[in-house]
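S.K.:
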Amino acid sequence: PEYVRPYYNGDSVFPYRANDPGLVVLPCNRTGVVTASQIELTPGFHQWWERSVTSWEANRTSDRMSLLERLDYQSGLTKQFPIPQTRVVYNRAGMHIVAAKLYDRRAIVANGLYWASVRTEAEANYMCAILNAPITTELARPFMSYGKDERDIHKAPWELAIPMFDEANPTHARLSELGAAVEGIVARFAINPDVHFSATRRHIRQQIELAPEGSEIDEIVYELIS
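Right, dumping it as C-alpha coordinates:
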(Lines of atoms letter the chains of each structure in order from A and count residues from 1; the text may use other names and numbers.)
(Lines give C-alpha, C1' and ligand atoms only; values in the text may rest on other atoms or scores of the structure.)
Protein backbone atom coordinates (compact mmCIF):
# COMPACT_ATOMS: atom_id res chain seq x y z
CA PRO A 1 0.00 0.00 0.00
CA GLU A 2 1.15 3.50 -0.84
CA TYR A 3 1.05 4.83 2.72
CA VAL A 4 2.84 1.89 4.35
CA ARG A 5 6.56 2.54 4.21
CA PRO A 6 9.78 0.97 5.51
CA TYR A 7 11.55 3.11 8.09
CA TYR A 8 14.95 3.13 9.74
CA ASN A 9 15.73 4.48 13.20
CA GLY A 10 18.86 4.66 15.34
CA ASP A 11 18.61 1.01 16.35
CA SER A 12 18.54 -0.10 12.70
CA VAL A 13 22.10 0.82 11.79
CA PHE A 14 25.36 -1.04 12.41
CA PRO A 15 28.82 -0.24 11.05
CA TYR A 16 28.62 -0.56 7.26
CA ARG A 17 25.24 -2.27 7.43
CA ALA A 18 21.57 -1.43 7.90
CA ASN A 19 19.31 -3.97 9.57
CA ASP A 20 15.87 -4.89 8.27
CA PRO A 21 13.57 -1.85 8.52
CA GLY A 22 10.34 -1.56 10.43
CA LEU A 23 7.06 -0.53 8.84
CA VAL A 24 5.17 2.69 9.45
CA VAL A 25 1.98 4.27 8.10
CA LEU A 26 2.59 7.85 6.97
CA PRO A 27 0.69 10.41 4.88
CA CYS A 28 3.32 10.38 2.14
CA ASN A 29 3.16 9.41 -1.52
CA ARG A 30 5.88 9.20 -4.13
CA THR A 31 6.35 12.97 -4.26
CA GLY A 32 6.15 13.84 -0.57
CA VAL A 33 3.78 14.62 2.27
CA VAL A 34 0.15 14.70 1.13
CA THR A 35 -2.51 17.23 2.06
CA ALA A 36 -5.71 16.58 3.97
CA SER A 37 -7.69 16.83 0.72
CA GLN A 38 -5.47 14.18 -0.89
CA ILE A 39 -6.01 11.88 2.08
CA GLU A 40 -9.76 12.14 1.55
CA LEU A 41 -9.35 10.65 -1.93
CA THR A 42 -8.17 7.31 -0.47
CA PRO A 43 -11.18 5.89 1.43
CA GLY A 44 -9.43 3.15 3.40
CA PHE A 45 -6.54 5.35 4.47
CA HIS A 46 -8.89 8.27 5.12
CA GLN A 47 -10.85 6.24 7.66
CA TRP A 48 -7.66 5.14 9.39
CA TRP A 49 -6.35 8.71 9.36
CA GLU A 50 -9.53 10.12 10.89
CA ARG A 51 -9.27 7.65 13.77
CA SER A 52 -5.61 8.60 14.25
CA VAL A 53 -6.46 12.31 14.29
CA THR A 54 -9.19 11.71 16.87
CA SER A 55 -6.76 9.79 19.09
CA TRP A 56 -4.08 12.47 18.65
CA GLU A 57 -6.41 15.30 19.57
CA ALA A 58 -7.67 13.43 22.63
CA ASN A 59 -4.19 12.74 23.99
CA ARG A 60 -1.93 15.60 22.88
CA THR A 61 -0.59 17.94 25.55
CA SER A 62 -0.93 21.05 23.38
CA ASP A 63 -3.22 22.10 20.54
CA ARG A 64 -0.45 24.01 18.75
CA MET A 65 -0.01 21.37 16.05
CA SER A 66 -2.26 19.08 14.08
CA LEU A 67 -1.23 15.46 13.62
CA LEU A 68 -0.03 16.22 10.10
CA GLU A 69 2.05 19.16 11.36
CA ARG A 70 3.56 17.04 14.14
CA LEU A 71 4.56 14.24 11.77
CA ASP A 72 6.27 16.77 9.52
CA TYR A 73 7.75 18.80 12.40
CA GLN A 74 10.47 21.13 11.12
CA SER A 75 9.87 19.58 7.67
CA GLY A 76 11.50 16.34 8.82
CA LEU A 77 9.45 14.35 6.30
CA THR A 78 9.22 16.94 3.54
CA LYS A 79 13.00 17.32 3.35
CA GLN A 80 13.41 13.62 2.58
CA PHE A 81 11.59 13.91 -0.77
CA PRO A 82 12.36 13.17 -3.48
CA ILE A 83 14.15 10.24 -1.85
CA PRO A 84 17.67 9.86 -3.31
CA GLN A 85 18.88 6.68 -4.95
CA THR A 86 21.65 6.26 -2.36
CA ARG A 87 21.89 7.70 1.14
CA VAL A 88 24.47 7.44 3.89
CA VAL A 89 22.97 7.44 7.38
CA TYR A 90 24.59 7.68 10.80
CA ASN A 91 23.31 7.61 14.36
CA ARG A 92 22.21 10.75 16.17
CA ALA A 93 23.37 9.43 19.56
CA GLY A 94 25.60 6.69 20.98
CA MET A 95 29.13 6.08 22.21
CA HIS A 96 30.43 5.38 18.69
CA ILE A 97 29.54 6.79 15.27
CA VAL A 98 28.05 4.09 13.04
CA ALA A 99 27.20 4.63 9.39
CA ALA A 100 25.68 2.61 6.57
CA LYS A 101 24.20 2.96 3.11
CA LEU A 102 20.49 2.92 2.24
CA TYR A 103 19.18 2.13 -1.25
CA ASP A 104 15.44 1.82 -0.62
CA ARG A 105 13.74 4.81 -2.27
CA ARG A 106 10.54 4.18 -0.32
CA ALA A 107 12.20 4.10 3.08
CA ILE A 108 11.83 6.93 5.58
CA VAL A 109 14.61 7.89 7.99
CA ALA A 110 13.36 8.48 11.54
CA ASN A 111 14.73 11.09 13.93
CA GLY A 112 17.33 8.73 15.45
CA LEU A 113 19.44 9.08 12.31
CA TYR A 114 21.02 11.76 10.17
CA TRP A 115 21.16 11.18 6.43
CA ALA A 116 22.88 12.60 3.37
CA SER A 117 22.51 11.87 -0.32
CA VAL A 118 25.61 10.86 -2.24
CA ARG A 119 26.32 11.07 -5.94
CA THR A 120 28.05 7.72 -6.47
CA GLU A 121 28.64 4.36 -4.85
CA ALA A 122 32.31 5.26 -4.51
CA GLU A 123 31.44 8.39 -2.53
CA ALA A 124 29.12 6.36 -0.29
CA ASN A 125 31.93 3.88 0.45
CA TYR A 126 34.29 6.76 1.21
CA MET A 127 31.86 8.38 3.65
CA CYS A 128 31.11 5.09 5.41
CA ALA A 129 34.84 4.39 5.79
CA ILE A 130 35.44 7.78 7.40
CA LEU A 131 32.40 7.81 9.67
CA ASN A 132 32.91 4.24 10.90
CA ALA A 133 36.63 4.69 11.58
CA PRO A 134 37.29 4.57 15.36
CA ILE A 135 39.57 7.60 15.07
CA THR A 136 36.66 9.69 13.75
CA THR A 137 34.64 9.01 16.91
CA GLU A 138 37.69 9.76 19.04
CA LEU A 139 38.39 13.08 17.33
CA ALA A 140 34.72 14.12 17.29
CA ARG A 141 34.02 13.37 20.97
CA PRO A 142 35.15 16.79 22.25
CA PHE A 143 32.37 18.31 20.11
CA MET A 144 29.68 15.98 21.52
CA SER A 145 27.50 16.71 24.52
CA TYR A 146 27.00 13.88 26.99
CA GLY A 147 23.50 12.56 27.60
CA LYS A 148 22.30 9.72 29.80
CA ASP A 149 24.53 6.70 29.11
CA GLU A 150 25.48 7.92 25.64
CA ARG A 151 26.83 10.87 23.72
CA ASP A 152 24.76 13.20 21.55
CA ILE A 153 26.60 12.86 18.25
CA HIS A 154 24.38 15.16 16.19
CA LYS A 155 26.58 17.09 13.73
CA ALA A 156 29.85 16.68 15.64
CA PRO A 157 31.56 14.71 12.81
CA TRP A 158 31.28 17.76 10.56
CA GLU A 159 33.32 19.83 13.00
CA LEU A 160 36.25 17.77 11.71
CA ALA A 161 38.13 18.59 8.52
CA ILE A 162 36.52 15.84 6.44
CA PRO A 163 37.23 16.63 2.79
CA MET A 164 34.62 16.24 0.08
CA PHE A 165 35.11 13.10 -1.96
CA ASP A 166 37.37 13.50 -4.97
CA GLU A 167 37.50 10.38 -7.11
CA ALA A 168 40.76 11.60 -8.66
CA ASN A 169 42.45 11.72 -5.25
CA PRO A 170 44.35 8.43 -4.66
CA THR A 171 43.80 8.59 -0.88
CA HIS A 172 40.06 9.09 -1.31
CA ALA A 173 39.90 6.30 -3.87
CA ARG A 174 41.76 3.95 -1.53
CA LEU A 175 39.40 4.74 1.36
CA SER A 176 36.44 4.04 -0.92
CA GLU A 177 37.94 0.72 -1.97
CA LEU A 178 38.63 -0.26 1.65
CA GLY A 179 35.13 0.81 2.72
CA ALA A 180 33.61 -1.50 0.10
CA ALA A 181 35.85 -4.35 1.28
CA VAL A 182 34.85 -3.92 4.93
CA GLU A 183 31.20 -3.69 3.95
CA GLY A 184 31.62 -7.13 2.38
CA ILE A 185 33.13 -8.47 5.59
CA VAL A 186 30.30 -7.09 7.70
CA ALA A 187 27.68 -8.45 5.28
CA ARG A 188 28.77 -11.97 6.28
CA PHE A 189 28.32 -11.27 10.00
CA ALA A 190 25.39 -13.29 11.41
CA ILE A 191 23.11 -10.88 13.27
CA ASN A 192 21.24 -12.46 16.17
CA PRO A 193 17.91 -10.64 16.66
CA ASP A 194 17.93 -11.64 20.33
CA VAL A 195 21.15 -9.70 20.98
CA HIS A 196 20.83 -6.00 21.83
CA PHE A 197 21.76 -3.76 18.92
CA SER A 198 24.55 -2.05 20.91
CA ALA A 199 26.20 -5.42 21.60
CA THR A 200 25.91 -6.34 17.92
CA ARG A 201 27.58 -3.07 17.00
CA ARG A 202 30.41 -3.87 19.39
CA HIS A 203 30.87 -7.37 17.94
CA ILE A 204 30.99 -5.96 14.41
CA ARG A 205 33.56 -3.32 15.44
CA GLN A 206 35.70 -6.07 16.94
CA GLN A 207 35.52 -8.03 13.71
CA ILE A 208 36.52 -4.96 11.69
CA GLU A 209 39.46 -4.28 14.03
CA LEU A 210 40.80 -7.78 13.31
CA ALA A 211 40.71 -7.19 9.56
CA PRO A 212 43.75 -5.53 7.93
CA GLU A 213 41.36 -3.33 5.93
CA GLY A 214 39.95 -1.92 9.17
CA SER A 215 43.37 -0.99 10.49
CA GLU A 216 44.36 0.63 7.21
CA ILE A 217 41.17 2.70 7.14
CA ASP A 218 41.85 4.03 10.64
CA GLU A 219 45.42 4.95 9.72
CA ILE A 220 44.40 6.75 6.53
CA VAL A 221 41.54 8.61 8.20
CA TYR A 222 43.84 9.77 10.99
CA GLU A 223 46.24 11.25 8.45
CA LEU A 224 43.36 12.75 6.47
CA ILE A 225 41.38 14.56 9.17
CA SER A 226 43.57 14.98 12.25
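Numbering-wise (our numbering), the sequence shown opens with residue 497 and increments by one.
Cβ atoms here follow ideal geometry from the backbone N, Cα and C, with glycine treated the same way.
Keep in mind that this is a model prediction, so the values were computed, not measured.
Is the CB-CB distance between A612 and R637 below 8 Å?
M.R.: no
S.K.: Nearest to V605 by alpha carbon, out of E719, N515, R701?
M.R.: Residue nearest to V605 within the set E719, N515, R701 is N515 (criterion: CA-CA distance).
S.K.: Does the separation of the CB atoms of R724 and R501 fall below 8 Å?
M.R.: Any question about residue 724 goes unanswered here, given that the chain covers just 497 to 722.
S.K.: What separation, rounded to the nearest whole angstrom, lies between the Cα atoms of L609 and E536?
M.R.: 31 Å
S.K.: By the DSSP assignment, the beta strand (DSSP E) with L598 in it spans what residues?
M.R.: 595-598
S.K.: To the nearest angstrom, how far is the alpha carbon of I700 from that of R566?
M.R.: Distance from the CA of I700 to the CA of R566, rounded to the nearest whole angstrom, comes to 36 Å.
S.K.: Would you say A589 and G506 are within 8 Å of each other, going by their C-beta atoms?
M.R.: A distance below 8 Å separates the beta carbons of A589 and G506.
S.K.: When DSSP builds the beta bridges, which residues end up paired with S769?
M.R.: Residue numbering for the chain in the displayed model covers 497 to 722; residue 769 lies beyond these limits and cannot be assessed.
S.K.: Does the beta-carbon distance from I721 to A669 come in below 8 Å?
M.R.: no
S.K.: Kindly confirm or deny that the region 669-682 and the region 614-621 touch, where touching means at least three C-beta pairs closer than 8 Å.
M.R.: Touching, yes.
S.K.: On the DSSP letters alone, give me the boundaries of the alpha helix (DSSP H) that A532 sits inside.
M.R.: 532-535
S.K.: Rounded to the nearest angstrom, what separates H592 and T616 at their Cα positions?
M.R.: 25 Å
S.K.: Using 10 angstroms around the beta-carbon of M660, count the other beta-carbons present and answer buried if the total reaches 16, otherwise exposed.
M.R.: exposed
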